[in-house]
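The sequence shown lines up with residues 25 to 142 when you count with my numbering. Using N, Cα and C, we set each Cβ at its ideal position, and we do this for glycine too. Quantities reported herein were computed from a predicted structural model and do not represent experimental measurements.
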Amino acid sequence: MSPETAADGQRCPALAWLPAATLRRLSALEDGAYVVVNPHVCMLLTGHTGDHLALVQFAGETGHWATWTIPAGPVSVEAAEFCPACLPATDAGDNLYCHLPIGHNGPHGPVPAGGATG
Numbered sequence: 025m026s027p028e029t030a031a032d033g034q035r036c037p038a039l040a041w042l043p044a045a046t047l048r049r050l051s052a053l054e055d056g057a058y059v060v061v062n063p064h065v066c067m068l069l070t071g072h073t074g075d076h077l078a079l080v081q082f083a084g085e086t087g088h089w090a091t092w093t094i095p096a097g098p099v100s101v102e103a104a105e106f107c108p109a110c111l112p113a114t115d116a117g118d119n120l121y122c123h124l125p126i127g128h129n130g131p132h133g134p135v136p137a138g139g140a141t142g
């Protein structure tokens, strides 16, 4: 079984903190959905490969994603569209879409329990 398909299906526990100026900038985005606060929890499954990833804000059709490699290390934030993959519906008539950025590493999927941000 690959790390991206961990048997427990649990979210990676890695956390990231953004500088206050970045929190203010992201919170002030026109059409932003969140007041952005720390910390941010990795959205990928436990044991994933590559950088950690967290959705920190979305405005319109654009997500703003934090990526980091090590705890307390540098965190970068980039804008990207959401992955367009459609997943099997849980109920008849429901569409469920991948909640990760386009071109993401690992499997498609909705965010495991805990939401998009920490």
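{"Asked": "Proximity to A103 [Cα-Cα], best of L111, P37, P43 and G56", "Found": "G56"}
{"Asked": "Closest by C-alpha distance to P125, when choosing among Y58, T86 and V60", "Found": "T86"}
{"Asked": "Simplified DSSP state of T29, which is helix, strand or coil", "Found": "Bear in mind that the predicted position of T29 carries a pLDDT of just 38, short of 50, making it unreliable; the figure below should be weighed with that in mind. Looking at T29 - three-state DSSP - the assignment turns out to be helix."}
{"Asked": "Beta bridge counterpart(s) of P125 as assigned by DSSP", "Found": "F106"}
{"Asked": "DSSP beta-bridge partners of R35", "Found": "L69"}
{"Asked": "Unbroken beta strand (DSSP E) run spanning T86, endpoints", "Found": "T86 to W92"}
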